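Accompanying notes for the structure given below.
2 protein chains.
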Amino acid sequence: MTDLPQDEPVFKRLALIGVGNIGSSIARAVRQAGNGAAHLAAFDRDPAVRARLLELGIVDSVHETAAEAVTGADGVVLCAPVGAYAAIMSEIAPHLEQGAVLTDIGSVKLAVVRDVAPLVPEGVHFVPGHPVAGTEKSGPDAGFAELFRGRFWLLTPEEGVDPTATAKVEALWSRVGAIVEVMDAAYHDKVLALTSHLPHLIAYTIVGTAFDVEEQERQDVIRFSAGGFRDFTRIAGSDPTMWRDIFLNNKEAVLEMLQRFTEDLTALQRQIRWGEGDKLYEFFERTREVRRSVVEAHQEGSNPWGPDANKEDADSEGGKPE
Amino acid sequence: MTDLPQDEPVFKRLALIGVGNIGSSIARAVRQAGNGAAHLAAFDRDPAVRARLLELGIVDSVHETAAEAVTGADGVVLCAPVGAYAAIMSEIAPHLEQGAVLTDIGSVKLAVVRDVAPLVPEGVHFVPGHPVAGTEKSGPDAGFAELFRGRFWLLTPEEGVDPTATAKVEALWSRVGAIVEVMDAAYHDKVLALTSHLPHLIAYTIVGTAFDVEEQERQDVIRFSAGGFRDFTRIAGSDPTMWRDIFLNNKEAVLEMLQRFTEDLTALQRQIRWGEGDKLYEFFERTREVRRSVVEAHQEGSNPWGPDANKEDADSEGGKPE
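Protein chains in written order, with the numbering used here: chain A, 2 to 323; chain B, 2 to 323.
Below is the structure:
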């Protein structure tokens with residue numbers, strides 16, 4: 002995957018800008034890997050988070066400004082919500098070192114390239130990235146070192162980006178256990194709109210719908226929210242800022258997939274209304290096949306919940322016959 | 002909850018009609034409880050399942066016909082898909098003992114009362130029920146004794162049903178660890194349409210939508226199906242027959258909730274199209290509150306996955322920041 006010596010850290014000083022769930026998981030994972038970075042510098046705009054980082058002791062230095070954090074760094078990771086990237090870039094751009102490698106963890110990539118690329122100084126290498134991992138929890142306490150193990154980490158470098166820069170980012174994330182893949186930004190956004198953005202939008206919607214009912218019913222929706230609905234509430238418990246930014250920044254792909262979804266749902270609705278049992282059965286049988294291929298494609302090794310596994314699990318029930 | 006002596010089984014002979022995931026979990030749970038039934042009789046229309054039941058040894062007798070299974074039984078549980086209830090009833094009705102208690106595990110209750118009540122002989126007591134528990138797996142091998150522990154088991158007896166009969170069913174399911182609640186059938190169907198039926202319909206739809214794409218993309222949808230989408234595929238992996246019957250038998254409530262959902266989704270779609278970030282944030286913040294109340298309402302004790310906990314968990318990620 003890379004010819005960088007395994008016993009040497011990929012970066013001398015790696016700066017993390019914005020340290021929430023993902024940022025703190027990166028800090029913990031890089032620490033644990035040992036050969037990711039010699040020094041971990043961190044900045045978060047929230048003073049409470051900066052204070053907490055000092056208590057947690059998962060980074061080597063915490064800084065009052067993003068500019069200070071990136072000064073002297075040969076590696077920089079934007080871990081803030083994508084909506085904040087432009088503002089962050091205009092602040093740190095003048096302070097980025099020549100030859101430094103800049104990457105991010107944003108869930109959308111075309112918009113990131115659009116916002117960030119124009120602000121990257123000559124001599125700094127930008128390699129957009131996206132770890133397909135995480136939990137619905139937010140904040141530096143929610144992170145854990147095992148989050149990226151066996152998970153995909155997608156990189157979408159543009160044409161002409163220095164291959165050495167891409168190789169370094171690839172090496173860094175490989176060393177925290179991720180499976181790194183390089184792909185086109187537009188394709189990334191289209192596939193993720195299907196596998197992540199649309200599902201989250203639907204989950205947010207159904208949770209909202211279920212609660213626009215009278216009080217008594219709402220109480221029982223909570224009490225009897227086993228199975229399907231509870232899985233949805235977990236998904237809908239994700240960070241509002243992050244998801245607002247995702248939907249606003251992957252608008253085209255999300256709206257296209259949403260249109261397809263609505264057409265399909267309308268067809269099913271009609272089948273239910275007209276009691277077309279055979280068509281319903283046929284459709285459910287087909288989606289069951291999909292489930293099989295997904296399970297086959299993801300072997301159990303990579304436990305996305307890390308330490309929270311059993312705890313989280315007690316709150317998840319899959320497609321229950323309720 | 003009941004004044005039946007704890008050291009005596011609730012039923013002398015309990016007959017299970019249709020032994021899939023739920024039926025076999027009931028068999029295992031009643032066996033484990035010890036004081037649920039002195040004898041467990043079972044029938045399944047599938048010869049392979051009957052053979053498997055003999056191998057598993059989780060019931061005391063396996064019968065070639067439902068009529069034979071219910072003969073001499075003072076307790077009968079319909080564990081087949083609700084669509085099969087009418088046919089089963091017309092076969093077993095003549096063989097039901099006087100004073101026998103009849104219950105079921107159907108996920109819809111109004112339709113069950115509609116189909117079953119008219120076929121219940123004089124002197125037989127019908128107490129419709131629904132365990133809010135289960136997994137997406139099917140068949141007798143998928144069941145486990147702990148499935149009902151700490152889970153709700155909803156009973157919807159009609160006016161005038163012998164309270165002793167209801168008390169017996171209540172005692173039986175309490176002894177396998179369930180929290181038994183008595184409620185109105187129409188209300189049950191309305192609440193479950195929100196907490197279970199609509200979520201399942203949505204999950205089936207989105208999984209179908211994601212796969213109506215060209216091959217390359219489909220492969221990547223599978224490979225990158227972490228988080229949201231993978232949770233949906235699990236839900237959509239549920240038994241097609243059972244779900245077809247649920248949607249056909251809770252049509253009114255499901256269509257009403259589906260209408261509300263579509264309106265809410267259309268509103269969000271418009272907010273995305275017009276880039277109304279504040280409204281999106283506000284909505285996501287609200288659903289997050291819902292998540293909190295759901296988590297508070299369900300403490301971790303009741304692990305729905307029982308033995309499969311970790312295995313299943315490796316395939317669940319909640320609302321991930323992808």
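Don't be surprised by glycine CBs; every beta carbon is placed ideally from N, CA and C.
Since this is a predicted model, take the numbers as computed values, not measurements.
Rounded to a whole number of angstroms, what is the C-alpha to C-alpha distance between residue i and residue j?
i                : j                : result
glycine 100/A    : histidine 189/A  : 27 Å
asparagine 22/B  : histidine 131/A  : 39 Å
isoleucine 244/A : histidine 201/A  : Sequence inspection shows tryptophan at residue 244/A; the isoleucine mentioned does not correspond to that position. Cα to Cα, tryptophan 244/A sits roughly 8 Å from histidine 201/A.
arginine 219/B   : leucine 5/B      : 57 Å
alanine 88/A     : valine 214/B     : 36 Å
glutamine 7/B    : aspartate 142/A  : 47 Å
proline 129/A    : valine 114/A     : 7 Å
alanine 146/A    : isoleucine 27/A  : 7 Å
leucine 249/B    : glycine 209/B    : 19 Å
glutamate 253/A  : proline 82/A     : 19 Å
glycine 84/A     : arginine 51/A    : 20 Å
alanine 112/A    : glycine 238/A    : 24 Å
histidine 1/A    : glutamate 56/A   : Examination of residue 1/A is not possible in this model, given that chain A is present from 2 through 323 alone.
aspartate 265/A  : methionine 258/A : 11 Å
Are the C-beta atoms of residue i and some chain A residue less than 8 Å apart?
i                   : result
arginine 245/B      : yes
lysine 110/B        : no
glycine 209/B       : yes
threonine 104/B     : no
alanine 187/B       : no
threonine 72/B      : no
leucine 17/B        : no
arginine 51/B       : no
aspartate 232/B     : yes
arginine 224/B      : yes
aspartate 265/B     : yes
valine 114/B        : no
threonine 288/B     : yes
phenylalanine 149/B : no
threonine 1/B       : Nothing can be reported for residue 1/B, as the shown portion of chain B is limited to 2 through 323.
isoleucine 203/B    : yes
With distance defined between alpha-carbon atoms, name the residue in the options nearest to residue i.
i                   : options                                   : result
phenylalanine 233/B : Arg219/A, Val255/A, Leu259/A and Ala204/A : Ala204/A
glutamate 123/A     : Leu97/A, Val114/A and Thr136/A            : Leu97/A
phenylalanine 230/B : Arg245/B, Trp244/B and Ala211/B           : Ala211/B
lysine 280/B        : Ala34/A, Ser25/A and Pro241/A             : Pro241/A
phenylalanine 225/A : Ala112/B, Ala70/B and Glu297/B            : Glu297/B
glycine 161/B       : Val125/B, Lys252/B, Trp154/B and Phe153/B : Val125/B
arginine 292/A      : Ile236/B, Leu79/B and Asp47/B             : Ile236/B
aspartate 61/B      : Asp47/B, Cys80/B and Ser25/B              : Ser25/B
aspartate 163/A     : Phe127/A, Ile247/A, Val78/A and Thr66/A   : Phe127/A
alanine 34/B        : Leu199/B, His64/B, Phe284/B and Ala179/B  : Ala179/B
threonine 167/A     : Val77/A, Ile59/A, Val71/A and Glu283/A    : Val77/A
leucine 269/A       : Ile59/B, Thr72/B and Ile207/B             : Ile207/B
Near residue i, what residues of its chain come up, given a Cβ to Cβ distance below 8 Å and the 5 sequence neighbours on each side ignored?
i             : result
glycine 37/A  : Pro10, Val11, Phe12, Leu15, Ala30, Val31, Leu173, Arg176 and Val177
alanine 68/A  : Glu92, Ile93, Pro95 and His96
cysteine 80/A : Leu17, Ile18, Gly19, Val20, Gly21, Ile23, Gly24, Ile27, Asp105 and Ile106
leucine 120/A : Ala87, Met90, Ser91 and Ala94
Excluding sequence positions up to five away, which residues of its chain have a Cβ less than 6 Å from the Cβ of residue i?
i              : result
valine 117/B   : Tyr86 and Met90
lysine 169/B   : Val11 and Val102
histidine 40/B : Arg14 and Asp61
valine 222/B   : Ala211
lysine 191/A   : Ala254
Under 7 Å Cβ to Cβ from residue i, same chain only, skipping five residues before and after it: list those, please.
i                : result
alanine 74/A     : Arg14, Leu15, Ala16, Ala42, Glu98 and Ala101
leucine 193/B    : Ser108
methionine 184/B : Leu155 and Thr157
arginine 46/A    : none
alanine 70/A     : Ala16, Ile18, Ala42, Ala43, Phe44 and His64
threonine 66/A   : Phe44
Do we get a CB-CB distance below 8 Å when we pair residue i with the residues of chain B?
i                : result
leucine 195/A    : yes
threonine 157/A  : no
histidine 126/A  : no
proline 241/A    : yes
glutamine 270/A  : yes
glycine 144/A    : no
proline 129/A    : no
isoleucine 236/A : yes
Looking at the ligand NAP, does it come within less than 7 Å of residue i, judged from the CB to the closest heavy atom?
i             : result
leucine 266/A : Questions concerning the ligand NAP fall outside what the structure shown contains, since it holds no ligand whatsoever.
Please compile the residues from chain E whose C-beta is within a distance smaller than 8 Å of the C-beta of residue i.
i            : result
serine 294/A : Protein chains in the displayed structure are A and B, and chain E is not among them.
Taking one C-beta from the region 264-282 of chain B and one from the region 134-143 of chain B each time, how about it: are there three or more such pairs within less than 8 Å? Contact fails: fewer than three Cβ-Cβ distances are below 8 Å.
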